[in-house]
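Asks:
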Amino acid sequence: MNPNDVLASIAGITGHTDFEEQETHQEEYEEISYEDVDAELLDLPENQSHEQQDRSRKSKMAWQRELQSLQFMNPGDETSKFLPDSSDIINTNRARRVHADKPADLKEELIHHDKTGKLSSTTKGHTETFDLCDCLNEECSGCHWPCATCSSRKCLVGCRQNRKEMVAKVEDMYTPEGTSGHLIRTNPYFPLPIKD
């Protein structure tokens, strides 16, 4: 008598259990012979041709190779050979600081328009900038239409930012009252003498 039967008798439960009923139902089923089933339905190795067996074997091997390539391979101590020590990192940072503290050697440059649109020139390591309007009036705060690129009112012929050329001379097309001729202004920062 098993422990379940003992507990059932103590609880006052009698009769067949569900497990015993299932065993009796299983005995009623008849056995099926696989000889009646088509060999194509059963995918057994002996029923496959050699070509099919080779294909299935190759595909299994391909899947196994793919799974092996996806598995994590611990490199172990090999990566420690390539990782820098903390002292190497500190040394490279120190080298960067030494180079960063050194002032950049300023090349001597002729007067030109810089990236902000101002005239700048570098001589003997000293850079001078002049914010000169294209009308060549040093007191002008901008007398042209706003530039489409930089919105400055000091640009006349194209934007002044990084411009390769500069205005050398401006001649007004009219004669103001009380003067004998046209008003002519020359660029005071132009490196070459300008003839009238």
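Going by my numbering, the sequence shown opens with residue 154, and the numbers climb by one from there. Think of the CB as a built atom: it goes at the ideal place given N, C-alpha and C, for glycine as much as any other residue.
To the nearest angstrom, how far is it from the Cα of Q206 to the Cα of Q221?
Replies: Distance between the alpha carbons of Q206 and Q221: 22 Å.
Asks: Start and end of the beta strand (DSSP E) containing I163?
Replies: Element bounds for I163: not the beta strand (DSSP E) but the alpha helix (DSSP H), P156 to A164.
Asks: Drop a sphere of 10 angstroms on the beta-carbon of T230, count the other beta-carbons inside from all chains shown, and report buried for 16 or more, exposed for fewer.
Replies: Residue identity differs from the one stated: residue 230 is Asp in this sequence, not Thr. Label assigned to D230: exposed.
Asks: Is M319 closer than 8 Å to L272 when the C-beta atoms are compared?
Replies: Yes. Within cutoff.
Asks: Unbroken beta strand (DSSP E) runs of length 3 or more, entirely within the segment 256-327: which are they?
Replies: As far as the segment 256-327 is concerned, its whole beta strand (DSSP E) runs of at least 3 residues are 262-266, 272-276, 279-283 and 322-324.
Asks: Count the other C-beta atoms from every protein chain shown that fall within 10 angstroms of the C-beta of N340, then say buried if there are 16 or more, exposed otherwise.
Replies: By the 10 Å Cβ count, N340 comes out buried.
Asks: Spatial neighbours of N290 within its chain, please: C-beta separation below 7 Å, excluding the five flanking residues on both sides.
Replies: The residues are R338.
Asks: Comparing alpha-carbon positions, which option in T332, L336 and R316 lies nearest K366?
Replies: Lying outside 154 to 349, the shown extent of the chain, residue 366 is not represented and no answer is given.
Asks: Can you give me the start and stop residues for the alpha helix (DSSP H) that Q224 sits inside?
Replies: Careful: Q224 lies outside any alpha helix (DSSP H) and carries neither H nor E.
Asks: Output yes or no for whether 8 Å exceeds the beta carbon distance between C300 and C293.
Replies: No, the Cβ-Cβ distance between C300 and C293 is not below 8 Å.
Asks: Which partner residues of T339 appear in the DSSP bridge assignment?
Replies: DSSP lists K322 as partners of T339.
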